[in-house]
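With the first letter of the sequence shown counted as 1, position 303 gets the number 303 in the working numbering; the numbers rise by one all the way through. Beneath this line is the structure, given in structure tokens, with notes to follow.
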Amino acid sequence: MRTGLLPKMGGFRILGRSAGGWWRGLGAHAPPRDAGYSTKTGHHLQPQGSSKRSGVPRDQPFPGVLQLKTLSREELVGVLREAVVDKKGPLLTLNKPQGLPVTGKPGELTLLSVLPELNQSLGLSEQDLHVVQAAGKEASGLVLLSSCPQTASRLQKFFIHSRKAQRPTATYCAITDGIPATSEGKIQAALKLECSDGVNLVVPVKSPSRKDILEGVRRTHSYFRVMATGSGCALVQLQPLTAFPDQLQVHMMLQLCPLLGDHTYSARVGTVLGQRFLFSAQSTKPQRQVLDEALLRCLHLTPSQASQLPLHLHLHSLLLPGPRPRDTPMELLAPLPPYFSRTLQYLGLCQ
């Protein structure tokens with residue numbers, strides 16, 4: 001069994017052995033207070049003072065969710081300053097709020113668009129920050145940045161090599177609407193991107209041909225493990241072995257257990273007489289996730305509030321190589337956002 005030591009290194013954990021087993025606890029079963037987006041280093045996403053400054057209305061049902069449309073560039077930089085998990089040498093780690101895109105169109109407010117201001121605000125070197133690894137827009141969690149191009153390149157090669165060797169380096173926490181049929185396993189699916197009404201959506205492909213592969217179909221793989229169940233939902237750990245847009249959302253949808261807050265793919269799962277089934281991707285358009293009345297009561301939400309439910313997918317940990325080839329691996333950690341922790345409480349998933 002893998003052992004671990006948590007020294008005084010901000011958001012880093014030193015692993016004793018990385019080869020055996022790929023599951024461990026969240027390390028965050030006791031939910032933080034709803035007042036802020038806390039990390040192990042004591043930073044808070046929601047600054048002290050007015051809720052307008054933080055972009056997080058105090059009366060909204062999802063504490064810690066960023067209201068990006070209400071923020072200026074300066075305010076977003078302030079939010080990201082408070083989201084810093086760790087700074088070691090050229091590496092900077094953030095606990096990204098849900099809803100913040102990493103990249104986007106020119107003129108849009110994104111993580112990448114404010115990196116120069118963040119760099120200056122933190123008093124870092126004159127070298128530009130580069131995104132090495134990051135949670136997607138709708139997910140929360142770790143963002144790994146580097147001010148050294150050589151370090152960024154080394155880490156990218158490590159992640160690529162790990163994927164080729166089928167060794168997971170990222171662990172996500174997710175809450176599903178529904179409970180997977182098995183407690184753990186490997187999900188394999190061939191996926192492709194299709195444009196529908198100007199939006200790129202992921203579509204599964206059965207038995208892809210060589211022509212399909214040449215035309216953009218990719219074979220994708222993820223590990224999953226159910227950590228706890230309650231109120232018809234599950235707390236699941238997910239580890240992607242491949243990199244594809246919306247991979248984890250689609251994989252859990254294919255298990256008939258869409259992620260809580262998935263307003264893109266959950267409509268592909270239907271129910272008849274208590275039995276779940278899949279609609280064809282071609283016949284189903286994205287729509288707001290519909291939750292049954294019992295689950296709404298557990299979550300203390302109205303149907304209108306549930307339509308704004310954030311995606312419960314959090315990049316909780318990243319495995320990094322040590323400075324030298326034989327050094328002990330390091331693990332970056334990002335605690336759960338407040339709305340995620342509160343959902344765990346409401347569903348009875350906290351241990």
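We put the beta carbon where it would ideally sit given N, CA and C, even for glycine. Quick caveat, the model's predicted, so the values are computed rather than measured.
- In this structure, the alpha-carbon of residue 328 lies about 8 angstroms from that of residue 321.
- For residue 233, the number of other beta carbons within 10 angstroms of its own is at least 16, and it is reported as buried.
- In the structure shown, the three-state DSSP call for residue 219 is strand.
- Per DSSP, residue 164 is one residue of the alpha helix (DSSP H) stretching across 149-164.
- A distance below 8 angstroms separates the beta carbons of residue 99 and residue 65.
- Taking the C-beta atoms as reference points, residue 151 is found nearer than 8 angstroms to residue 91.
- Secondary structure at residue 62: coil, using DSSP grouped into helix, strand and coil.
- Non-local beta-carbon contacts of residue 115 in its own chain, meaning distances under 6 angstroms to residues more than five positions away in sequence, involve 129 in chain order.
- Apart from sequence neighbours up to five positions away, the residues of its chain that approach residue 95 with a beta-carbon distance below 6 angstroms are 39, 83, 85 and 334, ordered along the chain.
- Annotation for residue 240: no alpha helix (DSSP H) segment contains it, though the beta strand (DSSP E) segment containing it runs 233-240.
- Sequence-distant Cβ neighbours of residue 264 in its own chain, meaning closer than 6 angstroms and more than five residues away, are 286.
- The C-beta separation of residue 190 from residue 219 comes to about 5 angstroms, placing the pair in contact by the 8 angstroms criterion.
- Assignment of residue 183 by DSSP, reduced to helix, strand and coil, places it in the coil class.
- In its chain, beyond the 5 residues on either side, 302, 303 and 306 have a beta carbon closer than 8 angstroms to the beta carbon of residue 296.
- If you look at residue 267, you'll find it isn't in any alpha helix (DSSP H); DSSP assigns it neither H nor E.
- Taken atom to atom, the span from the alpha-carbon of residue 172 to that of residue 278 is near 24 angstroms.
- Of the candidates 135, 70 and 63, 135 places its Cα closest to the Cα of residue 317.
- In the three-state DSSP reduction, residue 323 falls in the coil class, being neither helix nor strand.
- Listed in chain order, the non-local C-beta contacts of residue 146 below 8 angstroms within the same chain comprise 90, 91, 92, 129, 130, 132, 152 and 155, local neighbours out to five positions each way being set aside.
- Bounds of any beta strand (DSSP E) do not take in residue 209, whose DSSP letter is neither H nor E.
- Contact annotation: residue 170 and residue 97 have beta-carbon atoms that are not nearer than 8 angstroms.
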